[in-house]
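Okay, structure first, notes after.
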Amino acid sequence: MKRVLVVDDEPQLLRALQINLRAEGYAVTVAGSGREALRLAASAPPDVLVLDLGLPDLDGAEVIRGIRGWSDLPIVVLSARHGSTDKVEALDAGADDYVTKPFGLDELLARLRAVERRSAHAPADGFIDAGDLVIDLGAATVTRQGERVHLTPREWGVLQMLVANRGKLVTQRQLLQTVWGPAYGEETQYLRVYMAQLRRKLEADPAKPRHLITEAGRGYRFDTT
């Protein structure tokens, strides 16, 4: 069953989409704000995102850019904005398709199927074997030496972004704005606390981490070796 996250600030539209998409075989999660969308996308990654641009707290383009910092999940914009400037901004930010309101359900379903087909042909690398750690991004699970490790949603959000960009530096600002929200960027003490918690849970020797590497003054990196 495909998982879809629908983000819109119109409760009636959310309810209608939830009913109709479930009838089409989707598992549907809904959000009414940009920050909630970022949190849900990080803690329980969907297979496809349907996103309104006119949200009460963040512009939809900001949400797209935040998600594109760590994920290639298909994003279909569903917006009342008909102007070419809005469409270009959303697509340049990383949206895969753009549907204008009012819309037909058949059209939306066809667009969803199209972006899902394109995504299905992308390389599958959601299962990471790092020796003593095995991480399944699709199932949102971590095991260490064969034992399941419980992570909080925010711990998972940090780990997920690092693993999705494994081997690459992820800056402190990127982590904060993706996991905590676009309003964050300077609260580096949050990262120190959560990285310490992750190392206690995932590293054999938290004082000498093998996987969760700090790049002093810059950010963090996940190493699979």
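Note that our numbering gives residue 82 to position 94 of the sequence shown, counting from 1, and the numbers run on in steps of one. We treat Cβ as the ideally placed atom computed from N, Cα and C, and that holds for glycine. Since we're looking at a predicted model, the values are computed, not measured.
Pairwise C-alpha distance: residue j and residue i
i, j, result
"residue 62", "residue 103", "6 Å"
"residue 131", "residue 42", "39 Å"
"residue 169", "residue 86", "24 Å"
"residue 55", "residue 205", "23 Å"
"residue 156", "residue 201", "10 Å"
"residue 186", "residue 94", "44 Å"
"residue 146", "residue 163", "7 Å"
"residue 96", "residue 24", "23 Å"
"residue -2", "residue 64", "17 Å"
"residue 67", "residue 58", "24 Å"
"residue 22", "residue 50", "8 Å"
"residue 141", "residue 5", "26 Å"
"residue 134", "residue 117", "12 Å"
"residue 207", "residue 129", "24 Å"
"residue -5", "residue 189", "33 Å"
"residue 215", "residue 160", "Given that the chain is displayed from residue -11 to residue 213, the structure contains no residue 215 and the question cannot be resolved."
As assigned by DSSP and simplified to three states, the class of residue i
i, result
"residue 72", "helix"
"residue 131", "strand"
"residue 208", "strand"
"residue 139", "coil"
"residue 152", "helix"
"residue 119", "coil"
"residue 198", "coil"
"residue 175", "coil"
"residue 109", "Confidence at residue 109 is low in this model, with a pLDDT of 43, below 50, so the placement of that residue is unreliable and no value is reported for it."
"residue 245", "Outside the shown range of the chain (-11 to 213) lies residue 245, about which nothing can therefore be said."
Member of the options whose CA lies at the smallest distance from the CA of residue i
i, options, result
"residue 126", "4, 1, 29", "29"
"residue 20", "-7, 33, 145", "-7"
"residue 151", "160, 10, 165, 124", "124"
"residue 84", "76, 90, 91", "76"
"residue 119", "34, 88, 191, 1", "191"
"residue 27", "8, 165, 90, 154", "165"
"residue 18", "91, 39, 11", "39"
"residue 74", "52, 91, 199", "52"
Beta bridge counterpart(s) of residue i as assigned by DSSP
i, result
"residue 190", "Beta-bridge pairing links residue 190 to no other residue."
"residue 213", "BP columns for residue 213 are empty, so no partner."
"residue -6", "18, 38"
"residue 203", "207"
"residue 181", "Per DSSP, none; premise fails for residue 181."
"residue 158", "208"
Any non-hydrogen atom of the ligand NAD closer than 7 Å to residue i Cβ
i, result
"residue 211", "Absent from the structure shown: the ligand NAD. Ligands present: none."
Check your understanding: Counting only runs that start and end within the region 76 to 101, where is the beta strand (DSSP E) found for 3 or more residues in a row?
Key -> 85 to 88
Point to revise | Uninterrupted alpha helix (DSSP H) stretches inside the region -4 to 80 (no shorter than 4 residues) | key: -1 to 11, 22 to 31, 48 to 56
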